[in-house]
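Line by line, the protein sequences are chains A and B.
Heads up: the first sequence runs through residues 13 to 326, numbered per the working numbering.
Heads up: the second sequence runs through residues 967 to 1210, numbered per the working numbering.
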Amino acid sequence: MKSAAFWGALAAIFAAGLALTGAVANEYYYNALYLILQAALMAIAWNILGGFTGYVNFGSAGFFAIGAYTTVALNKALGLPLPLLILAGGAVGGLVGLGLGYLTLRLKGVYFAIATLAMAIVIETLVINWSYVGGAKGTYILTPEKHLWFDSYIQMLFVVMLLLTLAAVAISRMLSSSRIGRGLAAIRDDEVAAECAGVPTLRLKLVSTTVMGAMMGVAGAPFPFFVTFVDPSSAFNLFIAVNAIAMPMIGGTAHWLGPVIGALLVGTTQEIVKVTVSSEMNVLIVGVMLVVFITLAPQGIVGLARKHLRRRKP
Amino acid sequence: MALSLAIRDVDAGYGAVRALHGVSLGIRDGETVALLGTNGNGKSTLMKCIMGMVRPTRGSVTLEIDGARHDLVRLSTEEIVNLGVAMVPEGRRLFPKLTVEENLLLGAFRPLARADIGKNLAFCFEVFPVLVERRRQLAGSLSGGQQQMLAIGRALMSAPRLLLVDEPSVGLAPILVSHTITKIKELKERYGLTVLMAEQNFHQAIRIADRGYIIVHGEIVFEGDVAALEQNELVKNYYLGSAA
């Protein structure tokens, strides 16, 4: 995609989101869209490490919860405004990502994946035993009265999440088409060869875990205001991690557009089924889609489209 | 513009297994040195020690380049590549899902090489014309011989002064082995590279080598120039299998 077209599309999507808040009053739609965007942001973040670099992270829920609990703690202690809370969530998430990288990036494949899962469990245990943020029984968050010029707080949260997701798309695209992205792809293909070629593999992997952690922290930061009640079982929900892995796989991990497409497809289906059937179906949807895509389109939707395009122009 | 590599009394291994025992080896500017030995004798381990990918437990690896001495044991692999050392790893190890061009560009990750990226790319395509027509193709879809050319091309992209080649003959038909070895010689002569080549194929290796070392069970058992190697009883015994 050409750069001008790309930035134009981002601006158009953001404008459409703003226009929506002026036209539609029903809060349900903002609820549903917020959840889809949140899943997309998580999927884009997961894909930077999992797709570009080839390191599978099962601990996404941990990073998400770091963002959420950073908000809970700082809101209670200092009462900071939302933008600062989001920045703080990103900073703490990024730091934990960097730490995770330092501690575990000598591990590969399955062992790395297990380590990330273990990290999420460790953080969850810490939060459960931290009574200041509500411990195991959770805590209520009051949504502020102020919501700029929007009709309701949820409308504003939706626009904030839209902005964050679009920013993540831009970062992910820049990363994948840069020299860093090429280095990450080299690590994914053959780490020893990458090292031989002079690619600073450790440094690039740390960049990758840090960016991933920061994005996931950002995704989790507004969450307490969205649900107004946070407890460890909602913030560390395994479903968050499952979605973050499944959506890029379904959309295609090699391209920055993959997780976005995957998240839109899976997230929208989940939201539709949630109101028409039951939210209990959500895991089933991911499972069935994952099986279908892995057998029929192992490179995801983006891979499928590319194959199709290649066939058409000989 | 002088370069030399000195390896002294190096011990190295993997966990409890020691693969190198007191290995010493020297390379002078502009030389082609062959490191000869059959499988499992420590050739690749020695290469990895030079690249900082395996840390010696004892001994020193020193690179002297333009009057500055660098202790390679203390440097990371990317820093060593930055000094102008490049390796063509055993079995080529390309990035199979990236294109030929992307593979080459990845060879120029070192900051110094990035400035000359266009020049070096043109140079690679000049040396290996077959890569030009395949530049948009995935590296994994190349034939074995082309992959070897690409692997060497990728190493050249960092504009190295010292080129390490680990078993260029692995998995190649004899005619391609011969072709590859000739290419290495050509590169060396045209661009003043210093080359250390690990090889099992004695006859091919000594075609282009100035000197050679024979490594057996992690120890250097013989060193000498090509004429001496050819005359040597050890070679006949260990290598050519003429002694029963």
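Ideal placement from N, C-alpha and C gives every residue a C-beta, glycine not left out.
Could you pull out every residue in the same chain whose Cβ sits closer than 7 Å to the Cβ of A1210 of chain B, ignoring the five residues on either side in sequence? Residue placement at A1210 of chain B is poorly supported in this model, since its pLDDT is 37, which falls under 50; the coordinates are not used for a value here.
Measuring straight from C-alpha to C-alpha, what distance separates H1145 of chain B and E1044 of chain B? Cα-Cα distance, rounded: 30 Å.
Which residues does DSSP list as the beta-bridge partners of Y1179 of chain B? B:L1001 and B:E1189, per the DSSP bridge assignment.
Reduced DSSP category for K185 of chain A - H, G, I as helix; E, B as strand; rest coil: According to the sequence provided, residue 185 of chain A is Arg. The question's Lys does not apply to it. Reduced to three states, the DSSP call for R185 of chain A is helix.
Pairwise C-alpha distance: L107 of chain A and S15 of chain A: About 31 Å.
Return the residue from the list A:A148, A:S189 and A:L96 that minimises the CA-CA distance to L269 of chain A. Checked all of A:A148, A:S189 and A:L96; the closest Cα to L269 of chain A is A:S189.
To which residues does DSSP link P1053 of chain B through a beta bridge? Checking the sequence shown, residue 1053 of chain B turns out to be Met, not Pro. Under the DSSP definition of a beta bridge, M1053 of chain B partners with B:L1130.
Is D201 of chain A helix, strand or coil by DSSP? In the three-state scheme derived from DSSP, where H, G and I count as helix and E and B as strand, D201 of chain A is classed as helix.
Which value, in whole angstroms, describes the spacing of the CA atoms of E1155 of chain B and G1025 of chain B? C-alpha separation (whole angstroms): 32 Å.
In chain order, what residues of the same chain have a beta carbon less than 6 Å from the beta carbon of A27 of chain A, not counting five sequence neighbours either side? Non-local beta-carbon contacts of A27 of chain A in its own chain, meaning distances under 6 Å to residues more than five positions away in sequence, are absent.
Find the residues of chain A that neighbour S1124 of chain B, judging by a C-beta separation of less than 9 Å, and give them in chain order. Chain A residues near S1124 of chain B: A209 and G210.
Kindly indicate which three-state DSSP category F162 of chain A falls into: helix, strand or coil? The answer is coil: DSSP assigns F162 of chain A none of H, G, I, E or B.
Does G121 of chain A pass the burial test, meaning 16 or more other C-beta atoms within 10 Å, or should it be called exposed? G121 of chain A is exposed by the Cβ-count criterion.
Residues of the stretch 1029-1050 of chain B whose Cβ lies closer than 7 Å to any Cβ of chain A, in chain order: Near chain A, meaning a CB-to-CB distance below 7 Å, the residues of the stretch 1029-1050 of chain B are T1043, E1044, V1047 and N1048.
Taking just the CA atoms, how far does A1193 of chain B sit from D975 of chain B? So the alpha carbons of these two residues sit roughly 26 Å apart.
Pull the bridge partners of D1037 of chain B from the DSSP assignment, please. Answer is B:T1028, bridged to D1037 of chain B.
Rounded to the nearest angstrom, what separates M923 of chain B and V999 of chain B at their Cα positions? Absent from the structure is residue 923 of chain B, since the part of chain B shown begins at 967 and ends at 1210.
With respect to the alpha helix (DSSP H) encompassing L47 of chain A, which residues constitute its N-terminal and C-terminal limits? Under the DSSP assignment, L47 of chain A falls in the alpha helix (DSSP H) whose first and last residues are E39 to N59.
Identify the residues that DSSP records as bridge partners of F241 of chain A: which are they? Answer by DSSP bridge pairing, in chain order: A:Y152.
So, helix, strand or coil for T1160 of chain B, using DSSP? Here T1160 of chain B sits in strand by DSSP.
Check R215 of chain A in the structure and name its three-state DSSP category. Three-state result, R215 of chain A: helix.
Our contact map puts I1150 of chain B next to I1174 of chain B with C-beta atoms below 8 Å; I'd like the distance itself, whole angstroms only. Taking a contact as a CB-CB distance under 8 Å, the pair I1150 of chain B and I1174 of chain B counts as one, their CB atoms being some 6 Å apart.
Report all residues from its chain with a CB closer than 7 Å to the CB of D1191 of chain B; omit the five preceding and five following residues, and keep chain order. Closer than 7 Å at Cβ, skipping near neighbours: D1176 and R1177.
Compare the Cα-Cα distances from I1083 of chain B to each of B:S1010, B:G1119, B:F1061 and B:M1163 and report the closest residue. Nearest option by C-alpha distance: B:G1119.
With 16 as the cutoff for other CB atoms within 10 Å, does F18 of chain A come out buried or exposed? So F18 of chain A ends up on the exposed side.
Give me the Cα-Cα distance between V230 of chain A and A275 of chain A, rounded to the nearest whole angstrom. When the Cα atoms are used, V230 of chain A and A275 of chain A turn out to be separated by approximately 17 Å.
Output, in sequence order along the chain, the residues in the stretch 183-199 of chain A whose CB is closer than 9 Å to any CB in chain B. If you check each beta-carbon in the stretch 183-199 of chain A against every beta-carbon of chain B, the ones closer than 9 Å belong to R191, R194, G195, A197 and A198.
What are the residues of the stretch 1054-1066 of chain B that lie near chain A, defined by any Cβ-Cβ distance shorter than 9 Å? Cβ contacts with chain A come from V1054, P1055, R1058, R1059, L1060, F1061, P1062, K1063 and L1064.
With 8 Å as the threshold, decide whether the Cβ of R1127 of chain B is near any Cβ in chain E. Looking for chain E here will not work: the only protein chains present are A and B.
Need the endpoints of the alpha helix (DSSP H) that R974 of chain B sits in, please. Here R974 of chain B belongs to no alpha helix (DSSP H); instead the beta strand (DSSP E) covers L969 to Y980.
Using a C-beta to C-beta distance shorter than 7 Å, which residues of chain B count as neighbours of D201 of chain A? Listed along chain B, the residues sitting closer than 7 Å to D201 of chain A by beta-carbon distance are F1061, P1062, K1063 and L1064.
Residues of its chain near G1033 of chain B, where Cβ-Cβ distance is below 8 Å and the 5 sequence neighbours each way are ignored: Sequence-distant Cβ neighbours of G1033 of chain B in its own chain, meaning closer than 8 Å and more than five residues away, are A968.
Of the listed residues A:N87, A:A132 and A:A57, nearest to L178 of chain A (C-alpha basis): The residue with the shortest Cα to Cα distance from L178 of chain A is A:A57.
Same chain, Cβ closer than 8 Å to E997 of chain B, five either side skipped, listed in chain order: By the criterion of a C-beta distance shorter than 8 Å, E997 of chain B is surrounded in its chain by T1160, V1161, D1176 and R1177, once the five residues flanking it on both sides are discounted.
If the cut-off is 7 Å on Cβ atoms, which residues from the stretch 1075-1097 of chain B count as contacting chain A, listed in chain order? Cβ contacts with chain A: F1075 and R1076.
Please decide whether G204 of chain A counts as near chain B, where near means a Cβ-Cβ distance under 8 Å. A small correction: the amino acid at residue 204 of chain A is Val; Gly does not occupy that position in the sequence shown. It does; some Cβ of chain B falls within 8 Å.
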